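Presented below is the structure to which this report refers.
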Amino acid sequence: MEWTLSPFTIYLGVKGKLKNINHHNYFLGNNFNEYADTIFKTGVSPQKPYYYVNVSSKSNPESAPEGCENIFILCPVPDLRHKPDWSDTNTLADNIISDLSKRIDFDLEANTLTKTILNPVDWQDKFNLYRGSGLGLAHGLNQIGGLRPANKDEVFNNLYYVGASTLPGTGLPIVVISSRLVTERIEKDHAGI
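Counting from 1 along the sequence shown, just add 1 to a position and that's the residue number in this note's numbering.
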């Protein structure tokens with residue numbers, strides 16, 4: 002089975018209003034193929050990471066105290082099969098925060114009120130994500146549609162599965178459909194009980 006990438010996330014609360022950033026932001030380099038080959042297939046932490054930034058307080062000021070911003074940073078990283086050692090968590094977070102500070106011309110480190118970092122080990126331990134894989138099974142040709150694991154257990158007649166790694170697949174709308182399919186299957190399998 003092939004799995005999706007792992008999330009490396011940073012949650013910041015900062016004092017001050019950020020001018021050079023929007024609600025949704027992507028910060029990429031100019032060598033995506035090389036970056037993807039390295040980051041998704043080896044245990045190397047990115048020195049110049051690509052990442053997504055969400056500043057929801059830009060659209061919803063009530064989501065942060067007055068005069069402050071909330072920042073969510075997501076950097077795709079190798080899962081625990083490829084990189085089991087995350088002792089460099091703080092180094093990677095510092096690199097991302099420093100890079101973002103330069104790009105938006107705002108000293109995030111000096112203005113940070115709160116910081117939480119979650120690496121793939123945290124995602125595995127806190128949310129039971131297999132090997133820290135953020136979205137479960139990947140959507141390769143051998144794992145889409147009817148080729149994904151069934152939503153009913155092969156051994157236990159009363160055990161059903163809902164989520165991104167079962168039928169029909171990944172993504173919030175699809176997972177909602179997954180729950181509907183399981184509900185319909187339970188009703189059919191256990192009608193009259």
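For each residue, glycine too, the CB sits at the ideal point set by N, CA and C. Fair warning: this is a prediction, and the values are worked out from it, not measured in the lab.
Check                                                                                                        : Outcome
Run of the alpha helix (DSSP H) containing F157, from where it starts to where it stops                      : That residue, F157, is in no alpha helix (DSSP H); it is neither H nor E in DSSP.
For P77, the residue or residues it bridges with in DSSP                                                     : P8
Cβ contact (3+ pairs, closer than 8 Å) linking the region 59-74 and the region 5-23                          : yes
Environment of G135 [buried if 16+ CB atoms lie within 10 Å]                                                 : buried
Burial state of S60, where buried means 16 or more other Cβ atoms lie within 10 Å                            : exposed
Alpha-carbon spacing of T90 relative to S64, whole angstroms                                                 : 27 Å
3-residue-minimum beta strand (DSSP E) runs that sit fully inside the region 44-112, ordered along the chain : 52-55 and 69-78
K103 to N32 span [Cα, whole Å]                                                                               : 20 Å
Within 8 Å, strictly: CB atoms of P50 and W124                                                               : no
Three-state secondary structure assigned by DSSP to K189                                                     : helix
Integer-rounded CB distance, given that T5 should sit under 8 Å from G172                                    : Rounded, the Cβ-Cβ distance is 11 Å, inconsistent with contact.
Extent of the continuous alpha helix (DSSP H) to which Q125 belongs                                          : P121 to F128
Stretch-stretch touch, CB-based, cutoff 8 Å, three pairs: the region 25-40 with the region 114-128           : no
Status (buried if at least 16 other CB within 10 Å, exposed otherwise) for V56                               : buried
Limits of the beta strand (DSSP E) - the one that H25 falls within                                           : H25 to F28
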